[in-house]
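Residue numbers (my numbering): 3 to 168.
Cβ atoms here follow ideal geometry from the backbone N, Cα and C, with glycine treated the same way.
One structure is given below, encoded as structure tokens.
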């Protein structure tokens, strides 16, 4: 039995509920979140929101029994794939997202990019992460970590000396 990561599309604003329900079913999940400022009537507050709104990840061997348990979970819309087959997400893409979140790097959602130079980070807390390099200002580099299947990405600031082309 080979476990792989898959993206699950959820109903709008149901990511946490689906995450909790899947955990109750003993299904391994990953719901990446980021902190943002929320404006309330009388105050501002930091809250956590999903990094990829409408999506979470499950690590499973998707035999018919497991995928039915996932799909029958309230709030689940579908498991991403093509031509009726579920498409696994490479482990290194999930690992890169985890590494960014664990190392308290400044992140923000970023439009999905398919073109651009692929790079690997060779120094610093994100060593080993791969992504697409985007230059916005001189000496200010940003690396984009993309989840190809979701067509979503996150952006982290890095120094240009910390990356090498792949």
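Q: Note down, one range per segment and in chain order, each alpha helix (DSSP H) of at least 4 residues found wholly within the segment 27 to 113.
A: 66 to 73, 93 to 104
Q | residue 183, enclosing beta strand (DSSP E) - first and last residue | A | With the chain running from 3 to 168 in the structure shown, residue 183 is simply not present.
**Q.** Paired residues, beta bridge with residue 166 - DSSP
**A.** Working through the chain shown from its first residue, we reach residue 166 at position 164. The partner list for residue 166 (beta bridge, DSSP) reads 122.
**Q.** residue 109 versus 75, 158, 83, 130, residue with shortest Cα-Cα distance
**A.** On the chain shown, position 107 is the one that residue 109 refers to. Cα-wise, what sits closest to residue 109 is 158.
(Q) How far does the beta strand (DSSP E) with residue 131 in it extend, from its first residue to its last? (A) Translated into the one-based positions of the chain shown, residue 131 becomes position 129. Residue 131 -> no beta strand (DSSP E), and no H or E assigned at all.
Q. Is residue 53 closer than 7 Å to residue 35 when the C-beta atoms are compared?
A. Within the chain shown, numbered from 1, the residue matching residue 35 stands at position 33. Within the chain shown, numbered from 1, the residue matching residue 53 stands at position 51. A contact, by the Cβ cut-off of 7 Å.
Q. Among all the DSSP beta bridges, which residues are the ones paired with residue 11?
A. The count along the chain shown starts at 1 and reaches residue 11 at position 9. 57, 80.
Q. Between the Cα of residue 95 and the Cα atoms of 77, 17, 150, 80, which residue gives the shortest distance?
A. The count along the chain shown starts at 1 and reaches residue 95 at position 93. Out of 77, 17, 150, 80, 150 has the C-alpha closest to the C-alpha of residue 95.
Q. Which one of 167, 156, 76, 8 has the shortest CA to CA distance from residue 111?
A. Position 109 of the chain shown, counting from 1, holds the residue named residue 111. Nearest C-alpha to residue 111: 156.
Q | Nearest neighbour of residue 120, chosen from 129, 134, 50, 56 [CA to CA] | A | Working through the chain shown from its first residue, we reach residue 120 at position 118. Minimum Cα distance to residue 120 is reached at 134.
Q.
From the DSSP secondary-structure annotation, give me the bridge partner or partners of residue 20.
A. If you number the chain shown from 1, residue 20 lands on position 18. DSSP, once it has assigned bridges, lists no residue as partnering residue 20.
Q.
Am I right that residue 165 and residue 123 are in contact with their C-beta atoms under 8 Å? What's the rounded C-beta distance?
A. Reading the chain shown from its first residue, position 163 is the one you call residue 165. Reading the chain shown from its first residue, position 121 is the one you call residue 123. About 6 Å; that satisfies the 8 Å criterion.
Q: Using the Cα positions of residue 148 and residue 63, report the straight-line distance between them to the nearest angstrom.
A: As a first step, residue 148 is located in the chain shown; it is residue number 146 there, counting from the start. As a first step, residue 63 is located in the chain shown; it is residue number 61 there, counting from the start. Straight-line Cα distance between these residues: approximately 23 Å.
Q. Is the segment 14 to 34 close to the segment 70 to 86, with three or more CB pairs under 8 Å?
A. yes
Q) Taking buried to mean at least 16 other C-beta atoms within 10 Å of its own C-beta, is residue 17 buried or exposed? A) Position 15 of the chain shown, counted from the start, is the residue given in the question as residue 17. With 16 or more other Cβ atoms within 10 Å, it is buried.
Q.
Taking the alpha-carbon of residue 15 as reference, which of 49, 60, 56, 104 has the nearest alpha-carbon?
A. The sequence position of residue 15 within the chain shown is 13, counting from 1. Considering only alpha carbons, the answer is 56.
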